[in-house]
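For the sequence shown, UniProt numbering gives the first residue as 1, with consecutive numbering after it.
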Amino acid sequence: MPAPPPSAAPPSALHDDAAYAALRTRDARFDGRLFVGVTSTGIYCRPVCRVRAPRRENCRFFGQAALAEAAGFRPCLRCRPELAPGLSLTDSSDVLAAQAARLLAAAVHGGEAGAPAAADAPATVPAVAARLGITDRHLRRIFQRAHGVTPIAWLTTQRLLLAKQLLTDTALPVTEVALASGFASVRRFNAAFAEHYRLQPGALRKQAADGAPAPLSPDRTAAEATLRLAWRPPYDLHGVLDFLRHRALPGIEQVDGLTVRRTLALPHHGQVLAGWLQARFEPARHELHLRVAPALLPAIAAVRERARQALDLDADPARIDAQLATLPVPARPGVRVPGGWCGFESAVRVILGQQVTVAAARTLTRRLVERFGTPLDTPFDSLDRLFPSAATLAAAAPEDIGTLGIVRQRVRALQALAQAVAEGRLHLHRAAPLDSTLATLASLPGIGDWSAQLIAMRALAWPDAWPATDIGILNALGHRDAKAGTAQAEAWRPWRAYAVMNLWLSLEATP
């Protein structure tokens, strides 16, 4: 019999009998929410592992990979726990602990303007506490209560699992894997890897190569890398691809069947890397195969995390869909909130979308890209430009932007936003603190609550964003009363952004 759907309780509270049922049926709904340690082998697995299910008495169940590793278990080389989808951070009842996890994740992955730089764990934890305005001791206490492990143990697990994926899926030298995983030195990386996994990084790479399947992308070059990223079913693939297709920018993005391609520039250790990526959905495997250009490989950890946010791979449909049962439109199982690959780009597109249709906003943004975007060579036809940087738009002459058909008020808003981002006064990524970011956005000319909520939804990945005056939302609700709509949306907290997507998609016809 299949395991019951996940409850609203945290993963660690799942009853062992239900956890074992999920393991025996390889229930992908529990992927990333449940890990199984096998005492007879010392290995821990995802519930979707294809090996024969172990005996019940040999199983120990954990809600996070860090808990399994803290108990002395090593990750399975077959099901690869590093591929599992992450946990939605609103799963934590402690807001500060959830925010700390975001900041620690940013320390591992880096690549976002304003995110903490990767550093060794002892230096990172006090920095995160200072960023949150609490003491180091208080951070450790609330983090242990919410996540079951110390911040250092959680951070070490994230770094090592990332390193394990890079060793398996890429040809990056061990030195670069260590740096990309947030370790300050190869020596510390080797020591941590040997202590936790009981073998050296090179030995793991050899084991993975010996049992590796055929390459995921036969046409890839040796310099490229293809990473596998999992999601929990159901996944509203049709809705996501339609949403992206209607908004794809020529020169920047392409949506071709199940494949999404785009260009991307991101900061990395004081320089800007620029290249292309290709994300192909594999519905039968509940996976995304992410192919990354050679130029972006040094920042592949950041690219991986941007893909997870942009395509909302970490959402937990069992928790979200149940909360949206009272929607006045047919609910889409596994609805996702597509985020942005670049927070600044997302914010610019929101501003250009003020009081115009999706098609009109796309036209204005296309003109901005053609005028101010940087040319880029890629192997894909018509994918040949980068989105303009904040510094570029901040320095542009207002009249040059105005000639594109963008009204003066929008030009002022665009340049105020660009100036704030370029100067480091505004950070647009999901590790940024919500309240202070919304306050900074509200202080900028031409950015009201509607724009700030959409920026929070797409750039900050805030799952409870609610742009109350959005005309599409009100049309889907069947009235034009924003106050009544906000009252109605109280029933959908803390997942109102997913209600927004359901309402929007109910109005969009497939071309």
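Glycine included, every Cβ here is placed at the ideal spot set by N, Cα and C.
Values in this document were obtained by computation on a predicted structure and should not be read as measured data.
Quick check: the Cα distance between residue i and residue j, rounded to an integer number of angstroms?
i, j, result
"residue 515", "I473", "Because residue 515 is not part of the residues shown, which for the chain are 1 to 511, the question remains open."
"V177", "G86", "21 Å"
"H238", "F281", "11 Å"
"I447", "T437", "12 Å"
"F377", "L167", "Here residue 377 is Asp; the residue named in the question, Phe, does not match the sequence. The alpha-carbon atoms of D377 and L167 are separated by roughly 28 Å."
"Q144", "L67", "11 Å"
"L454", "P379", "33 Å"
"K164", "P201", "8 Å"
"L386", "L264", "6 Å"
"E82", "A489", "36 Å"
"T157", "V240", "31 Å"
"T39", "R60", "7 Å"
"A397", "A432", "29 Å"
"G63", "D242", "34 Å"
"T175", "A203", "15 Å"
"E508", "V335", "14 Å"
"D464", "L34", "25 Å"
"A279", "T259", "6 Å"
"L132", "W450", "27 Å"
"A121", "P330", "Any reading at A121 must be qualified, since the residue scores a pLDDT of 34, below 50, and its modelled position is unreliable; no value is offered."
"N475", "A360", "19 Å"
"A127", "R188", "20 Å"
"E112", "D400", "At E112 the pLDDT is 49, less than 50, meaning the model places this residue with poor confidence; the figure from the coordinates comes in the next sentence. If I take the Cα positions, the gap works out to 28 Å."
Considering only the beta carbon of each residue, do residue i and residue j sit closer than 8 Å?
i, j, result
"H268", "A225", "no"
"A456", "L434", "yes"
"Y498", "V358", "no"
"I134", "A97", "no"
"L229", "R304", "yes"
"G373", "G257", "no"
"R78", "V51", "yes"
"L417", "P388", "no"
"P317", "P234", "yes"
"H196", "E69", "yes"
"V421", "A452", "no"
"R80", "R198", "no"
"R371", "L249", "no"
"L104", "L155", "yes"
"G37", "A71", "yes"
Measure how close the beta-carbons of residue i and residue j come, nearest whole angstrom, since I'm counting them as under 8 Å.
i, j, result
"G343", "A459", "4 Å"
"A295", "A315", "Going by Cβ atoms, the distance from A295 to A315 rounds to 30 Å, so no, they are not a contact pair."
"R332", "N502", "6 Å"
"R362", "R247", "6 Å"
"A302", "L277", "Contact doesn't hold; Cβ gap of about 11 Å is too wide."
"G42", "R232", "So it is not a contact: roughly 27 Å between Cβ atoms."
"R24", "A84", "Contact flag wrong, Cβ pair sits at about 18 Å."
"R205", "G182", "Rounded, the Cβ-Cβ distance is 19 Å, inconsistent with contact."
"L477", "P328", "6 Å"
As a quick exercise: from the options, pick the residue whose alpha carbon is nearest that of residue i.
i, options, result
"W495", "P467, N475 and A482", "P467"
"A413", "Y498, L352 and V128", "L352"
"E287", "V303, L311, R247 and L277", "L311"
"T170", "R245, L297, A194 and R52", "L297"
"L324", "C76, W492 and V369", "W492"
"A101", "P151, A28, A203 and E69", "P151"
"P445", "D464, E345 and Q415", "Q415"
"G405", "L364, A420 and A105", "L364"
"L172", "L227, W154, D136 and R26", "L227"
"H429", "L161, L266 and A53", "L266"
"A180", "A194, R188, R187 and L162", "L162"
"A284", "V48, W341 and H15", "V48"
"Q99", "E399, R425, C76 and L139", "L139"
"R56", "D27, A22, G72 and A71", "A22"
"Q207", "C76, A307 and A322", "C76"
"T469", "V500, A322 and D381", "V500"
"L383", "K483, E253, G478 and G72", "E253"
"T392", "V407, D381 and E423", "E423"
"D236", "L155, A153, I320 and V186", "I320"
Run the CB neighbour count on residue i, radius 10 Å, all protein chains shown included, and call it buried at 16 or more, exposed below.
i, result
"T221", "Confidence at T221 is low in this model, with a pLDDT of 47, below 50, so its placement is unreliable and the value that follows should be read with caution. The residue is exposed, with fewer than 16 neighbouring Cβ atoms inside 10 Å."
"R291", "buried"
"N58", "exposed"
"A439", "exposed"
"Q409", "exposed"
"Q309", "buried"
"L505", "buried"
"Q355", "exposed"
"A194", "exposed"
"S346", "buried"
"H427", "buried"
"H289", "buried"
Looking at residue i and the ligand SAM, is the gap between the Cβ and the nearest heavy atom below 7 Å?
i, result
"R366", "The ligand SAM is not part of the structure shown, which contains no ligands of any sort."
Could you check whether the Cβ of residue i sits closer than 8 Å to any Cβ belonging to chain C?
i, result
"A310", "This model lacks chain C altogether; it includes just one protein chain."
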